[in-house]
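Note sheet for the following structure.
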Amino acid sequence: MVKLSKLAAAAALCAIGGLAAAGEVEVLHYWTSGGEAKSVAELKKIMQAKGHTWKDFAVAGGGGDSAMTVLKSRVVSGNAPSAAQVKGPAIQEWAGEGVLANMDAVAKAEKWDAVLPKVVADVMKYKGNYVAAPVNVHRVNWMWGSAEAMKKAGIATMPKTWDEFFVDAEKLKAAGLIPVAHGGQNWQDFTTFESVVLGVGGPKFYQEAMVKLDPKALSSDTMKKSFETFRKIKSYTDPAAPGRDWNLATTMLIQGKAGFQLMGDWAKGEFLAAGKAPGKDFMCAAAPGTGNAFTFNVDSFILFKLKDANAQKAQADLAAAIMGTEFQEVFNLNKGSIPVRLGMKMDKFDDCGKQSAKDFVDSAKSGGLVPSIAHGMAIAPAVEGAIKDVVSQFWNDDKITVADAMKRIATAAK
Ligand code: GAL
35 MVKLSKLAAA AALCAIGGLA AAGEVEVLHY WTSGGEAKSV AELKKIMQAK GHTWKDFAVA
95 GGGGDSAMTV LKSRVVSGNA PSAAQVKGPA IQEWAGEGVL ANMDAVAKAE KWDAVLPKVV
155 ADVMKYKGNY VAAPVNVHRV NWMWGSAEAM KKAGIATMPK TWDEFFVDAE KLKAAGLIPV
215 AHGGQNWQDF TTFESVVLGV GGPKFYQEAM VKLDPKALSS DTMKKSFETF RKIKSYTDPA
275 APGRDWNLAT TMLIQGKAGF QLMGDWAKGE FLAAGKAPGK DFMCAAAPGT GNAFTFNVDS
335 FILFKLKDAN AQKAQADLAA AIMGTEFQEV FNLNKGSIPV RLGMKMDKFD DCGKQSAKDF
395 VDSAKSGGLV PSIAHGMAIA PAVEGAIKDV VSQFWNDDKI TVADAMKRIA TAAK
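Oh and the sequence shown: position 303 is 337 in this note's numbering, straight run, nothing missing.
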């Protein structure tokens, strides 16, 4: 039996090898949680169906900090993969190093300019040429609720304001539950922080303070209120939060041990992978006070310059697949995000997905569509790292006063 199946596998490999211009794609990503792994497996399937070999280069660690460190050392040693999960302004930095491939031929053939929102297309281009392919639109300003925990605590609906949120947090605490499931990396702290700033100050203030890093906004009373609210949330997390991965925090909701989690909609992918249903087992709602806004996080892959012709062909097929309708639907159904490609049907998506798609369009019109800082969408990686550190130090050390944190963030922003 063993021998037979080995033989069959070898035969299948030969058949694949015999296809015209089959090549290998090595893809660096950090999608290693349950929901994420299911999602990226769809891309692998599509590439294998085209006859190419998929070489998985997964580096664990939510938010991708570890993956970026590994990527740098690979590229420096002249051993870049075909593609890597890199997004936002970091795309420009990589392109500036001269290591990315010009993907205009595939972009033209697949009409990317026509099927992408211009703001997204611009981020994927360097000096007018496509160097990256976008995958999805994640919404970061979500809050997730555990139906089981909420029921135990007597909470009927998701809180809409921070005041309501703290009332519910008390109820969860009184029921012997952990009100807020939180984890321990700086990007998780900042994911909560930016939703608080957005909820307390609104989209206009968020733009001033978080995107433009305007000193006046950073030293304002609204910023003070944001830090105070942020610290208050901390008091509803459990002592085991430091060091915890985001998906393990989601598991606390799945198991009914914790009430709420402030996290982007990759958390939905985690609920779904665990067989949970939205509206029944878990709730999705905009983070308190942010119903009129949408913090976007667009995942994308940068494509590296390759020498081998077959590898180049495989890479072009990968880029085409990423932007193709088949992948945009199946990947995003699993990942929790919505397609970035325009004109996609949303009928297979659940209510959270439909809500996200609607709010994306509405907030773009109202001025509520804002980039996520926690997820690398707006500011240069070095500055982003500096302000993230300030926020995490404040979160982790109760001795740092709000006034101190405000001074530190203003300094880091410079
Ligand atoms: C985000 C990324 C998502 C998800 C999450 C957790 O930055 O955009 O795709 O993977 O981190 O790792």
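We put the CB at the ideal spot given by N, CA and C, even for glycine.
Item	Value
Cβ shell of ASP99 (< 6 Å), same chain only, five flanking positions each side left out	none
Three CB pairs or more closer than 8 Å across the stretch 207 to 220 and the stretch 286 to 299	yes
Buried/exposed call for ASP432, threshold 16 Cβ in 10 Å	exposed
Close beta carbons around ALA307, own chain, < 7 Å, minus the five adjacent residues each side	GLY68, GLY69, LYS72
Boundaries of the beta strand (DSSP E) in which PRO405 is found, first to last residue	403 to 405
Every unbroken alpha helix (DSSP H) within the stretch 278 to 339, with a cutoff of 4 residues, ordered by chain	280 to 288, 300 to 307
Residue environment, ALA190, which counts as buried when at least 16 other CB atoms sit within 10 Å	exposed
Burial state of ASN366, where buried means 16 or more other Cβ atoms lie within 10 Å	buried
Complete beta strand (DSSP E) runs within the stretch 129 to 201 (minimum length 3 residues, chain order)	166 to 168, 170 to 173, 176 to 180
For PHE91, the residue or residues it bridges with in DSSP	LEU62
Short Cβ contact (7 Å threshold) for GLY277 with ALA327	no
Rounded distance between the beta-carbons of VAL245 and PRO405, thought under 8 Å	6 Å
Contacts around MET427, its chain only, beta-carbon distance under 7 Å, and the 5 residues preceding and following it disregarded	As written in the sequence, residue 427 is Gln, which differs from the Met given in the question. Same-chain partners within the cutoff: ILE434.
Close-in-space but distant-in-sequence residues of the same chain around LYS205 (CB under 8 Å, 5 per side omitted)	ALA187, GLY188, ILE189
Nearest-angstrom Cα separation, counted from ALA437 out to VAL74	43 Å
Residues that DSSP places opposite PRO373 in a beta bridge	ASN170
Check: TRP300 C-beta below 6 Å from any heavy atom of ligand 1	yes
Helix, strand or coil at ALA118 according to DSSP, with G and I counted as helix	strand
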